[in-house]
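Enquirer:
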Amino acid sequence: MLNVTIDEIQRDPLKYIRLAETGVTLVIIQANRPIAELKPISTSNKELRPFGLCAGEFIVPDDFDAPLPEDILSAFEGK
Numbered sequence: 035m036l037n038v039t040i041d042e043i044q045r046d047p048l049k050y051i052r053l054a055e056t057g058v059t060l061v062i063i064q065a066n067r068p069i070a071e072l073k074p075i076s077t078s079n080k081e082l083r084p085f086g087l088c089a090g091e092f093i094v095p096d097d098f099d100a101p102l103p104e105d106i107l108s109a110f111e112g113k
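Under our numbering, think of the first position of the sequence shown as 35, with each following residue one higher.
1) Per the DSSP calculation, Ile62 is bridged to which residue(s)?
2) Can you find the residues in the same chain that come closer than 6 Å, C-beta to C-beta, to Leu72, ignoring five residues on each side of it along the sequence?
3) Per DSSP, what kind of secondary structure is Lys113 in: helix, strand or coil?
4) How long is the line joining the alpha carbons of Ile63 and Thr77, rounded to whole angstroms?
5) Could you compute how far the alpha carbon of Asp105 sits from the alpha carbon of Ile93?
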């Protein structure tokens, strides 16, 4: 982490943007108080999971959206 003043950033903004690109987090100081952070955006190169990865491993039953039995429904309602 690197502390920089607003004046320093105004003199050479590209210098500090390039620093952030290399992974440095900058704490921007004004009147000896930290007021903001400039940090790199973390990018994840994770591959997305393929659609249908678990196809065929689970079958949704025909009564999936049928109403719940009365005793279970009562338990949910606190009766």
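Where is the CB? At the ideal position from N, CA and C, for every residue including glycine.
Expert: Well, looking at it:
1) Among the bridge pairs identified by DSSP, Ile62 is matched with Val38 and Ala70.
2) Excluding positions up to five away in sequence, the list reads Ala54 and Leu60.
3) Coil, per DSSP.
4) Taking the straight line joining both Cα atoms gives about 26 Å.
5) Taking the straight line from one Cα to the other gives about 26 Å.
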